[in-house]
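Scroll down for the structure; my scribbles are underneath it.
In this note's numbering, the protein residues as written are 88 to 757.
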């Protein structure tokens, strides 16, 4: 109550540069173990407060929220983003750049809120063990705050309210000073777990109980470097993947969801462009498309002065003819200038039968002061792979791009080449033996505001061309233009897109129902409509329709998503898609249905139900998960998976998938 308060918030949306329409006050205090933030969110009409959720990692884009950005390193690059709503629901992200962040990270912090007759208030506590910072007597941190009022679609910030920046852009944040003599009192964090589960087999109706004990031990080598040791690692609590329909000849990408690999994941990332990754952590624990157990591992990640370090080594068990395997990645970058870096990476997959190593170097120049107040990024990467200690011919890859990501103009040019024998076994590639060029140009003027339009979404073109290495022949081409698109002040959005595609097939591939797409050269033209309603409403929808050519046939895809907010405890989302392909005098129809139910009793106890039906894979799956947080940092999970493969012949009394687990993770500090 007696701390100094700031209240000079400025609108980014809707009325750019104007003072916030509602008063917001923030105060920061601290002691030897925690940072505390107090927030007073005034609102003249408290009935217009939009709040829908209680669960962890809520969809903050759909409701009123308050965001706190903290960068203890004050390095203009990395930090933490903490988000709360008026009911005290929490979400958090690791910020890795002005445009990138990882929402799957979960930090140890807490918040309590209270609705008042003038709005709502909040108190947030952030232990220093969550915030890595330099080991100096006097701390100087970057900090920023943002408030979103969904009933007005208003977004206001304390600092950096330019529309060319988001709050994740630490370079334009404010400064927090006078943090003196703060230290870590806890040096060790022990997180043991106990797991009990079962598996029912449909063929013999057999019951197979499972049990497991393991632990993670975390040690702060310094306030900024964290060492993590893990043994008997298990990921039973991870939510199920949404099954994707693949109508292309390329691999599908599934995001990492295992918490162990998410913390500090920015320290290991190196992007090759167009969906390719030099390190893809989901390859760890996978052999021959089947999951294998992790015996244990070690991680060291963090920052020392201008040096960023990410080291990870995991050992998996032997399976079939594959011996126990070591998976290692080491990533190093050094900060250069205000926002730039240079660095390198080494990945290794090794067992007694085989060794694969990838080595790469990279660097970028980033600034938020190009032409005084614009963003620009210029970056490059060069890497090569070695098998059995030897480098083959044609085993290089490179990626170079220039990005101008700003509000009015968003322009990108990039090129990537991946040679025929480049083989990153701990990475992810969609295709090999190509060189591609990409150029995107988006134009977003703010015209017709008097007619309720917030922003136009125009895209003169997005062109991507792949050429086969060696011959230089065009392999694939994609172009999308958007002659008409807009976002309304009420939050609704619309797009009309024109798409052009060319694909040269040298090898046939097969899609649903064993339809073969034969060798040939194909030009395809499609049209696309998208309409999304504002997610801040109690009922919202996303509608999508795409139709046109599909190789030697025709395709049309329609999909919808409908969200229903019953109240702050109960939320439903239903997603449905229908794809029809007419080719080779045959008609293929693919249906997908996914339903999500979430009921949150409190901000620390919720249950989630996720079911999905896919006619291409001919299966139906159900995933149930209960998550209870007895205290912050400690978790209890109960997970049950049930489903049917080969639905056409399924016996519904005998599910082909039936397993479950209960996992308790407890956190000790000493």
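Don't be surprised by glycine CBs; every beta carbon is placed ideally from N, CA and C.
### Query
Buried or exposed: residue 270, going by 16 or more other Cβ atoms within 10 Å of its Cβ?
exposed
field: 3 or more residues per run - each beta strand (DSSP E) lying fully within the segment 665-721
entry: 673-689, 692-701, 706-715
Notebook entry, point to check: Between which two residues does the alpha helix (DSSP H) harbouring residue 536 extend?
Noted result: Looking at the DSSP string, residue 536 is not in any alpha helix (DSSP H), and its letter there is neither H nor E.
Tell me which residue opens and which closes the alpha helix (DSSP H) that residue 349 is part of.
346-349
Do you know how far the Cα of residue 154 is from the Cα of residue 658?
-> 22 Å
Quick check on DSSP: helix, strand or coil for residue 223? coil
Selected residue, minimal CA-CA separation from residue 476, among 438, 469, 252:
438
### Query
In terms of DSSP beta bridges, what is residue 199 paired with?
210
Answer yes if the segment 398-408 comes into contact with the segment 441-449, meaning at least three C-beta pairs across the two stretches below 8 Å, and no otherwise.
-> no
Residues in its own chain within less than 7 Å of residue 595 by CB, not counting five upstream and five downstream? 603, 604, 605, 606
Per DSSP, residue 729 is paired with what?
709, 745
- Quick one: what does DSSP say residue 460 is sitting in, helix, strand or coil? coil
Check: So, helix, strand or coil for residue 356, using DSSP?
Finding: coil
Requested in this report: Determine the DSSP secondary structure at residue 656, reduced to helix, strand or coil.
Outcome: coil
If you reduce the DSSP assignment to three classes, tell me which class residue 601 lands in. helix
Complete beta strand (DSSP E) runs within the segment 421-456 (minimum length 3 residues, chain order):
427-438
Can you name the residues that DSSP bridges to residue 282? 299, 750
Tell me, please, which residues DSSP counts as bridged to residue 248.
DSSP lists no partner for residue 248.
Q. Does the separation of the CB atoms of residue 277 and residue 723 fall below 9 Å?
A. no
Practice problem: Leaving out five residues on either side along the sequence, give the residues of the same chain with a beta carbon under 6 Å from the beta carbon of residue 664. | Solution: 646, 679
Buried versus exposed, by CB contacts within 10 Å (16 or more), residue 228 = buried
Problem - Closest by C-alpha distance to residue 762, when choosing among 622, 168, 176 - result: Because the chain spans 88 through 757 in this model, residue 762 falls outside it and cannot be assessed.
* Asked: Taking just the CA atoms, how far does residue 416 sit from residue 279?
  -> 25 Å
Could you check whether residue 140 and residue 180 sit closer than 9 Å to each other, using their CB atoms as the reference points?
no
ask   = Taking Cβ to Cβ, would you say residue 508 is nearer than 9 Å to residue 470?
value = no
Problem - Nearest-angstrom Cβ-Cβ length linking residue 241 and residue 101, presumed shorter than 8 Å - result: 6 Å
Candidates 198, 275, 99: which alpha carbon is nearest residue 315's? 275
For residue 182, the residue or residues it bridges with in DSSP
166, 188
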